[in-house]
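> With my numbering, letter number 62 in the sequence shown gets 646, and the count goes up by one each step, no holes.
Note that the Cβ used here is the ideal one computed from N, Cα and C, for glycine as well.
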Amino acid sequence: MLVQKYKDMLGNKSVIRSLSEFATARGKEIGYENVFDYSLGNPSVPVPQEFTDVMIRLLQEKSSIELHGYSPTLGIPSVKEKIAASLERRFGVPYRAEHIFPTSGAAGAIAHAVRCVSEPGDEILTFAPYFPEYGPYINLTGAKLKVVPADTENFQINFEAFAEMLTEKVMAVLINTPNNPSGAVYSTETVQKLAEILEEKSAQYGHKIYLISDEPYREILFEGVDAPYVAKYYKDTLTCYSFSKSLSLPGGRIGYVAVNPACEEAATLVEMCGQISRGTGHNCPTSIMQLAVAETIGLTADLSVYERNMNILYKELTALGFTCTKPGGTFYIFPKALEEDAVSFCNKALKYDLILVPSDSFGCPGFFRMAYCIDTEKVERSIPALRKFVENEYR
585 MLVQKYKDML
595 GNKSVIRSLS
605 EFATARGKEI
615 GYENVFDYSL
625 GNPSVPVPQE
635 FTDVMIRLLQ
645 EKSSIELHGY
655 SPTLGIPSVK
665 EKIAASLERR
675 FGVPYRAEHI
685 FPTSGAAGAI
695 AHAVRCVSEP
705 GDEILTFAPY
715 FPEYGPYINL
725 TGAKLKVVPA
735 DTENFQINFE
745 AFAEMLTEKV
755 MAVLINTPNN
765 PSGAVYSTET
775 VQKLAEILEE
785 KSAQYGHKIY
795 LISDEPYREI
805 LFEGVDAPYV
815 AKYYKDTLTC
825 YSFSKSLSLP
835 GGRIGYVAVN
845 PACEEAATLV
855 EMCGQISRGT
865 GHNCPTSIMQ
875 LAVAETIGLT
885 ADLSVYERNM
895 NILYKELTAL
905 GFTCTKPGGT
915 FYIFPKALEE
925 DAVSFCNKAL
935 KYDLILVPSD
945 SFGCPGFFRM
955 AYCIDTEKVE
965 RSIPALRKFV
975 ENEYR
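1. List the DSSP bridge partners of proline 686.
2. Mind checking which residues open and close the beta strand (DSSP E) that includes aspartate 798?
3. Could you give the uninterrupted runs of the alpha helix (DSSP H) lying entirely in the stretch 598-638, keeping only those of 4 residues or more?
4. Since I believe leucine 897 is in contact with tyrosine 978 (beta carbons under 8 Å), could you give me their beta-carbon distance rounded to a whole number of angstroms?
5. I need the DSSP call for isoleucine 660, collapsed to helix, strand or coil.
6. Does DSSP put methionine 749 in a helix, a strand or coil?
7. List the whole-angstrom C-beta distance separating aspartate 781 from methionine 755, where the pair is believed to meet the contact cut-off of C-beta under 8 Å.
8. Let me know if leucine 887 comes out buried or exposed under the rule of 16 or more other beta-carbons within 10 Å of its beta-carbon.
9. Count the other C-beta atoms from every protein chain shown that fall within 10 angstroms of the C-beta of aspartate 820, then say buried if there are 16 or more, exposed otherwise.
10. Give a yes or no on contact between the stretch 847-859 and the stretch 672-685, applying the rule of three or more CB pairs nearer than 8 Å.
11. Quick one, which of Thr772, Ala850, Ser655, Glu783 has its alpha-carbon nearest tyrosine 813's?
12. Who does serine 826 pair with in a DSSP beta bridge?
13. Reducing DSSP to helix, strand and coil, say where glutamate 980 ends up.
14. Our contact map puts lysine 816 next to valine 677 with C-beta atoms below 8 Å; I'd like the distance itself, whole angstroms only.
15. Go ahead and pull the three-state DSSP assignment for proline 919.
16. Can you look up isoleucine 804 in the DSSP assignment and give me helix, strand or coil?
17. Measuring CA to CA, which of Glu737, Met639, Thr907, Val701 is closest to isoleucine 860?
18. In terms of residue numbering, what span does the alpha helix (DSSP H) encompassing asparagine 976 cover?
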């Protein structure tokens with residue numbers, strides 16, 4: 585008999601992916617260059633040439649077994665050492681190789697982190713607006729995802745609602761900063777207050793409340809933004825990272841879990857990740873990708889295009905009357921829709937070949953997300969369509 589919960593999920597597919605598929609189909613009709621597709625957060629800038637050069641050199645110089653064979657269960661030691669050294673150098677946290685577990689991207693990192701610190705029936709809190717895939721990431725482990733309502737003023741943390749929901753059942757809090765979909769970056773003040781509350785409640789409840797910090801957009805930060813490294817402020821932090829956005833490598837599926845060395849039994853948590861892999865079929869990311877990112881630690885693609893695109897859209901959206909918190913990072917902007925029903929709003933936009941994502945699945949109704957990881961030239965060409973849409977439908 586087929587498992588019903590997965591059959592049920594077929595009727596609840598990703599809205600983002602569905603809109604991306606619609607945009608592709610529409611592009612076959614009118615030319616994709618004429619479809620203003622703001623649906624999918626797929627990095628648009630090229631992989632750095634230096635990364636390509638490293639891949640070529642590895643293929644020329646390393647043995648086939650070293651590049652294409654199994655890596656150790658806990659990852660390649662030299663790779664872990666380079667990641668740990670980079671984190672210590674950048675953020676002042678004394679990571680060592682034993683605190684790093686390479687994964688197949690941030691999704692794989694979260695999958696392991698959640699299983700390390702929660703069991704079926706436990707609760708994990710996250711904050712709206714949040715990445716919709718957190719639902720299956722958490723709920724399919726048997727734990728329960730609970731969503732704290734959004735602070736829609738600036739998309740920091742709604743601490744009043746958080747305090748009410750932070751019960752003894754909560755074993756971990758999952759945050760995403762810089763945030764998908766809002767583009768907001770949690771300030772030092774926000775992170776410090778969050779850490780203080782978690783320390784207080786961990787002591788009160790007699791068990792640790794872990795902080796899982798999802799950071800695939802860590803390198804996409806805009807000028808003047810206060811962007812603290814979360815693990816510096818809370819010792820029981822498991823940082824989940826991906827090179828997908830920083831190096832434009834989403835198809836490479838490479839990231840890691842970094843357990844704060846100050847966390848009790850930090851090395852044990854990493855060893856546990858290896859055992860979790862046995863049950864999930866993860867079994868390490870590819871050897872060649874581990875080696876390649878280790879050789880290019882600190883390198884990024886040219887991420888400046890995202891801030892340029894953000895400024896164009898923010899200026900135009902606010903001029904058109906949209907209420908919008910200016911993003912501090914990522915390649916997303918999250919304006920308030922011009923009507924209460926964001927799905928209706930985004931459906932109307934389709935008539936103008938504007939592909940916008942309604943916010944309902946992000947846990948924050950009434951808004952919409954634009955993923956502006958597209959060519960700047962196309963952003964600029966989308967402005968007349970955006971103006972026409974607003975003028976015809978809402979003026």
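Let me lay it out:
1. Tyr840
2. 794-798
3. 599-614
4. That belief does not hold up - the Cβ atoms of tyrosine 978 and leucine 897 are roughly 18 Å apart, past 8 Å.
5. coil
6. helix
7. Checking the displayed sequence, the identity of residue 781 turns out to be isoleucine instead of aspartate. Going by Cβ atoms, the distance from isoleucine 781 to methionine 755 rounds to 15 Å, so no, they are not a contact pair.
8. buried
9. buried
10. yes
11. Thr772
12. Gly839
13. Missing from the structure shown is residue 980; the chain here goes from 585 to 979 and no further.
14. 6 Å
15. coil
16. coil
17. Val701
18. 960-978
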